[in-house]
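Novice: Numbering (our numbering), first residue to last: 10 to 210. Glycine included, every Cβ here is placed at the ideal spot set by N, Cα and C. All values reported here derive from a predicted model rather than from experimental measurement.
#1: At the level of alpha carbons, what is the spacing between residue 50 and residue 209?
#2: My understanding is that residue 148 touches residue 133, with C-beta atoms under 8 Å, so please give their C-beta distance in whole angstroms.
#3: Helix, strand or coil for residue 113 per DSSP?
#4: Consult DSSP for residue 162 and reduce its assignment to one of helix, strand or coil.
#5: Select from 82, 113, 131 the residue whose C-alpha is nearest the C-alpha of residue 66.
#6: Tell me whether residue 110 is buried or exposed, calling it buried when 16 or more other Cβ atoms sit within 10 Å of its Cβ.
#7: State the DSSP-derived secondary structure class of residue 151, mapped to helix, strand or coil.
#8: Assuming residue 174 is part of the beta strand (DSSP E), what are its boundary residues?
#9: Below 8 Å between beta carbons: does that hold for residue 180 and residue 170?
#10: In whole angstroms, give me the CA-to-CA distance for residue 199 and residue 138.
#11: At which residues does the alpha helix (DSSP H) containing residue 85 begin and terminate?
#12: Using 8 Å as the threshold, is the C-beta distance between residue 114 and residue 136 below it?
#13: Please work out which residues of its chain come closer than 8 Å, Cβ to Cβ, to residue 77, disregarding the five sequence neighbours upstream and downstream, and give them in chain order.
#14: Does residue 122 come out as helix, strand or coil in the three-state DSSP assignment?
#15: The alpha helix (DSSP H) with residue 70 in it runs from where to where?
#16: Nearest to residue 173 by alpha carbon, out of 165, 188, 155?
#17: For residue 166, is the classification buried or exposed, using 16 other Cβ atoms within 10 angstroms of its Cβ as the cut-off for buried?
#18: Which residue's Cα is closest to the Cα of residue 70: 202, 183, 160?
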């Protein structure tokens, strides 16, 4: 079972979003500030026990992304654009004391943004946590729709939220498919995820 929502995304709006991705060279902290503002309205109702439907949907997300624990496989599949730029951490309590954790690095698949479809097995973005040895560990997935279009229908009973980041305005929904989150599987920040070993320029 694959959950699909056709969105008929226009090439112009997607091109604008991708231009922002490709041309942005902001430092990692720029991702933090933008995401902090964007997720401010992401309420705590995301923390409840999972329903049967949600468990089945998360299983689909895991099934579709299991091979991307190998980051080279993700790159080969099109997840080659880092967006937003930098390792995203909730630094509302200070950069060295994140209050709610992190989202880490996001890698976007251009073709999946272009196709105008929300598909649990094919998320638009993958989230990776940097490791001490320089590798990347898959921790979650992110479904996004440009905000030039109507708000998407809820996915697994969860509402998409408005995100304004580095020139792109989108509807977004995170699923922590590969890293347990004490704040909730759909909560934007994960205290079990860190940017401690983020890449240095």
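Specialist: Here's the rundown:
#1: A caution first: residue 50 carries a pLDDT of 37, below 50, which makes its placement in the model too unreliable to give a value.
#2: Going by Cβ atoms, the distance from residue 148 to residue 133 rounds to 16 Å, so no, they are not a contact pair.
#3: It is a strand residue.
#4: It is coil, neither helix nor strand.
#5: Taking residue 66 as reference, the option from 82, 113, 131 with the minimal CA-CA separation is 131.
#6: In this structure residue 110 is buried. Its beta-carbon is surrounded by 16 or more other beta-carbon atoms within 10 angstroms.
#7: Strand, per DSSP.
#8: Residue 174 -> beta strand (DSSP E) spans 170–174.
#9: In contact: residue 180 and residue 170 (Cβ atoms closer than 8 Å).
#10: C-alpha of residue 199 to C-alpha of residue 138: approximately 11 Å in a straight line.
#11: Segment 80–85, the alpha helix (DSSP H) holding residue 85.
#12: The criterion of a C-beta distance shorter than 8 Å is satisfied by residue 114 and residue 136.
#13: For residue 77, where only same-chain residues beyond five positions count, the Cβ hits under 8 Å are 83, 86, 88, 135, 147.
#14: Residue state, collapsed to three classes: helix.
#15: 61–74 is the extent of the alpha helix (DSSP H) around residue 70.
#16: Nearest option by C-alpha distance: 155.
#17: With fewer than 16 other Cβ atoms within 10 Å, it is exposed.
#18: Nearest C-alpha to residue 70: 183.
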